[in-house]
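Sequence order for the protein chains is Y and G.
Residue numbers are given in the numbering used here: position 231 of the first sequence equals residue 231, and the series is strictly consecutive.
To convert a position in the second sequence, counted from 1, into the numbering used here, add 1000.
Ideal placement from N, C-alpha and C gives every residue a C-beta, glycine not left out.
Contents: one structure, followed by commentary.
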Amino acid sequence: MIELDNRFDLSTEFQAMAEQVLAAAKAKGATAAELDIDKSMGLSVEVRMGQVEKLQYHRDQGINLAVYFGHRKGYASTGDFSPQALADTLEAACRIARYTSEDDFNGLADAERMATEFPKLDLYHPWELNADMAIDMALQTEAVAREHDARITNSEGAGVDSYAGMSLYANSHGFMGVSHSTRHSLSCSVVAQDGDSMQRDYWYSVSRVPGLLESADSVGAEAAQRTVRRLNARSLSTREAPVLFVPQMARGLVGQLVSAISGGSQYRKASFLLNSIGQQAFPDFVQLREDPLIRQALGSRSYDAEGVATQARDIVKDGIIQGYFLGSYSARKLGMQSTGSASGATNLLLADTGVSFPDLLAQMGTGLMVTELIGSGVNGITGDYSRGAVGYWVENGMIVHPVEEVTIAGNLKAMFKGIVAIGDDVDARGSIRTGSILIDKMTIAGQ
Amino acid sequence: MKQAYDFAREAFFAPTGLSEAHLEQVFSQLLTKDTTLADLYFQSARHESWGLEEGIIKSGSYSIEQGVGVRSVCGEQTGFAYSGEITLPALLESAKAARAISRAGQSGAVNAWTVRTPQRPLYGIDDPLNSLSEDDKISFLRQIDSIARATSPYVRQVMASMVAVHEIILVVDETGRMTADVRPLVRANVSVIVERNGQTESATAGGGGRFNLDYFVSGNKAQEYAEEAVRKALINLDAEAAPAGNMTVVLGNGWPGVLLHEAIGHGLEGDFNRKGTSAFAGRIGEQVAAKGITVVDDGTLEQRRGSLSVDDEGTQTQCTTLIEDGILKGYLFDRQNAALMGTQSTGNGRRQSYANLPMPRMTNTYMRAGDYDPAEIIASVEKGIYAVNFSGGQVDITSGKFVFSASEAYQIENGKIGKPLKNATLIGNGPDVLTRVSMIGNDLQLDTGIGVCGKDGQSVPVGVGQPTLRVDGLTVGGTATA
């Protein structure tokens, strides 16, 4: 049996490589250059119906290189780190730059915005996991799920994944940053059957720290409960009603906000929240903070993909939008400053309004609780929103029956303004942390 | 003339010093007496892309992706490891890791090597990256920009892109077969944003396939795509909120075939059916569609985006009948799932890259033509919607529920096409939807070469197609309550 060797530190070797490539770019006449070097390894196992199904070892590496000749930019990448491949990649980037246009907004991020402090974010916790241990854990998870209820008749399996990676970013300002991180997860998906109704659902746990994963028993039991309660779902007649997005779905609504107030959507004028800084886009109780420096969090980083320091800030305060997500290019286009968001948002925390989940159901009274969304019907330019939904019909604050084959539709502008309450049932598994979100009304289309 | 295998030797063996003797060593590491299937998948892919935005060539990139994936299968169990380095030590290490799936100690061996070149190549072996000069690539993008802007004063943003990929693969399997393929893939896309009186809309158009970039230039595709994107965006400016509820839907020909891909195709992939997790599992021989409906998955169409001379396991692709005259006929298989179900691979074993395992995936999925004139189909509908273009779809294969989103749709009233509608999402039940098809057009068309299919985190290029169809009763999710 092969053990996963995920304790590695190649920073010295990679720093030397980065310096050489930057020097070679300069020698080719580039006025500026930047690169990232990434290397990762991982182990994943999947079991199904009590048997090992897949055992996979991952090892990935890559270099992404951008060169600037004045305001012209060329980009190339390679997974081969041999000196010849690096030279060819640089050559390709320079060739590309001969054909791209002068663009005044192009270039490295401003030198004075480079991160100078590197707080310990505690993101690297390798798991001394071998294949046998991973298999046992996955088997236990699936066994718990399958034994949970007689209606669980089949399984899509359970899996354990462990990933460890290092990433270096350097540019010709002289900035160089190295970060190490790990990510581990345990997941399970089972199928339940009752007459003609067949449903699957899943649950997972993810953490940078192996010891903080939920137990196999708890992931298995949760997956089973979620699956069984979906059985015998039915459609609804077409109507307008309040909609409650559980935290896993509420996260998507925050994601829609992020893309609407990202630099690219703003400078392209392709956003339903155009020029929205200072605008009241939400009820005044809505508060959203970005905090890049939370220890062990999945979205934490002290600098972005351009070396710019990240910082904690308000995104929405008292319902009013406070800032965008900007890298240096979009910041220059908008005449603003980079917000250290060249890699996207870091950790986002939506404040709850002090209600528990049962109280949210009671507050909704009669409406649809949405647990899964399918399809891509979100138009980021107009805010029009129309997606397939799965969930539960709620009457007088009580769940009445599972629902499927309906769509929910509205416009994100109105949906944001129509937020009635945010639950304290926060799901902390992703970089967007939110509780359930209750929206006053949407159109539900069904049979 | 150089064959695919010559390209593969040049790409994978010449620079690395690998030989058949080395492959024997690797297989003796990889095979045990439990092994039911094992392969090495060598891949080298070069990508180049160019992007225009705001009237300038804003981005260009070039990348090389190269490596080898090593797989060992024992019945339902798979061991897999890969390496970005193509060297003997890396191959031996990957083989050792992949064989860990087997409990058996004894090693196996490959008896004899046979080199196979696709018998029926569906595309050329030339490198599409070199098929146009850089100046010509750029001038194509600039042409799109100027045509789009000249088409309407309301055009505010034009984004155009051109991508070319040249890929060489070599599959070496436990039977000693060495199968090579050289695959071109090109794509051009136009997105426009239009604005009128403060109202903004967008649309995209484009196409591609397994051919050279000069397809775009000689076919005057700059004009076709630019005008199409602007046309669609302007229609959306005039569009009204779609109605909500259950109604008759006429689906246009071509790209709306995404319905078949989502509602039927995924549910007929062999892995889900072997495991019994698809709503279609165990239903071969049953009537799952109205009479007259025949649906195929055809990997053998020349130069199509979803086509492959051989799949990613070295199996020759074929035209597989999924539904014939309404009766469910077959599933789509890769080697592993076929063996476990006692049948043969249908040439649908596909993978995103050497770093991913193959799975049963669709190629080009379409419905054969019927007899009705499309105009007659529209005329037959008293009240409903006509959905012509879609932005994408998704399916839950276990419950069978699927969703897809219309990007161009119209009202139908009293047999006539009326006002454009926006924000229409269609939702239905896969095993049920084709039983509601009441009219099949005589205008079968395939899409323009834009499809990407996602499954289990892996993306592969696919094609779809269908004639105009009338479906009696689909749920339309709009905001306007009818």
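- Cβ atoms of residue 1380(G) and residue 1341(G) stay farther apart than 8 Å, at about 41 Å.
- With contact defined as three or more Cβ pairs closer than 8 Å, the segment 289-298 of chain Y and the segment 199-217 of chain Y are in contact.
- Ranked by Cα distance from residue 12(Y), the first of 73(Y), 127(Y) and 166(Y) is 166(Y).
- Under the 8 Å Cβ criterion, the segment 1122-1132 of chain G counts as touching the segment 1171-1186 of chain G, having at least three qualifying pairs.
- Residue pairing by DSSP places residue 1204(G) opposite 1191(G) in a beta bridge.
- The beta carbons of residue 1425(G) and residue 377(Y) sit about 4 Å from each other, so the pair counts as a contact at 8 Å.
- Residues are counted here when their Cβ sits less than 8 Å from a Cβ of chain Y; for the segment 1420-1434 of chain G these are 1422, 1423, 1424, 1425, 1427, 1428 and 1429, given in chain order.
- Contact between the segment 149-165 of chain Y and the segment 179-199 of chain Y is present, with at least three C-beta pairs closer than 8 Å.
- Under the DSSP assignment, residue 371(Y) falls in the beta strand (DSSP E) whose first and last residues are 367-374.
- In this structure, the straight-line span from the alpha carbon of residue 1167(G) to that of residue 1189(G) is close to 21 Å.
- Contact holds between the segment 211-227 of chain Y and the segment 138-153 of chain Y, because three or more Cβ pairs, one in each stretch, are under 8 Å apart.
- Taking 9 Å as the upper bound on Cβ-Cβ separation, chain Y lies near residues 1134, 1135, 1137 and 1138 of the segment 1130-1149 of chain G.
- Our two residues, residue 1009(G) and residue 199(Y), have alpha carbons roughly 48 Å apart in a direct line.
- Looking from the CA of residue 393(Y), the closest CA among 406(Y), 387(Y) and 383(Y) belongs to 406(Y).
- Counting every other CB atom within 10 Å of its CB across the protein chains shown gives residue 1158(G) a total of 16 or more, marking it as buried.
- Here residue 75(Y) is bridged, per DSSP, to 66(Y) and 1061(G).
- Contact annotation: residue 1100(G) and residue 131(Y) have beta-carbon atoms nearer than 8 Å.
- Taking the C-beta atoms as reference points, residue 1303(G) is found nearer than 8 Å to residue 1211(G).
- Distance from residue 1260(G) to residue 1346(G) at the Cβ level is roughly 16 Å; contact not present, criterion being Cβ atoms closer than 8 Å.
- Membership of residue 360(Y) in the alpha helix (DSSP H) is indicated by the continuous run 357-364.
- At the C-beta level, residue 1077(G) and residue 52(Y) come within 8 Å of one another.
- Contact between residue 1476(G) and residue 1386(G) is ruled out by a C-beta separation of about 11 Å, above the 8 Å threshold.
- Rounded to whole angstroms, the gap between the alpha carbons of residue 1258(G) and residue 1407(G) is 13 Å.
- Here residue 184(Y) is buried: its Cβ has 16 or more other Cβ atoms, across all protein chains shown, within 10 Å.
- Residue 45(Y) sits away from residue 35(Y), with the two beta carbons spaced by 8 Å or more.
- The segment 323-330 of chain Y makes no contact with the segment 348-362 of chain Y, as fewer than three CB pairs between them are under 8 Å.
- Counting along the chain, no alpha helix (DSSP H) covers residue 1264(G), and no H or E run does either.
- Measuring C-alpha to C-alpha distances from residue 1402(G) to each of 1284(G), 1266(G), 1151(G) and 1228(G) identifies 1266(G) as the nearest.
- Counting along the chain, no beta strand (DSSP E) covers residue 1374(G); the unbroken alpha helix (DSSP H) around it starts and ends at 1374-1379.
- Within the DSSP bridge table, the entry for residue 180(Y) names 166(Y) as partners.
- For residue 1402(G), the enclosing beta strand (DSSP E) starts and ends at 1401-1413.
- Residues of chain G with a Cβ closer than 8 Å to the Cβ of residue 80(Y) are, in chain order, 1064, 1066, 1084 and 1085.
- Comparing alpha-carbon positions, the option among 447(Y), 235(Y), 379(Y) and 201(Y) lying closest to residue 371(Y) turns out to be 201(Y).
- Distance from the Cα of residue 345(Y) is smallest, within the candidate group 382(Y), 33(Y), 175(Y) and 301(Y), for 301(Y).
- Per DSSP, residue 1169(G) is one residue of the beta strand (DSSP E) stretching across 1155-1173.
- Residue 40(Y) is outside the set of residues whose beta carbon lies under 8 Å from a beta carbon in chain G.
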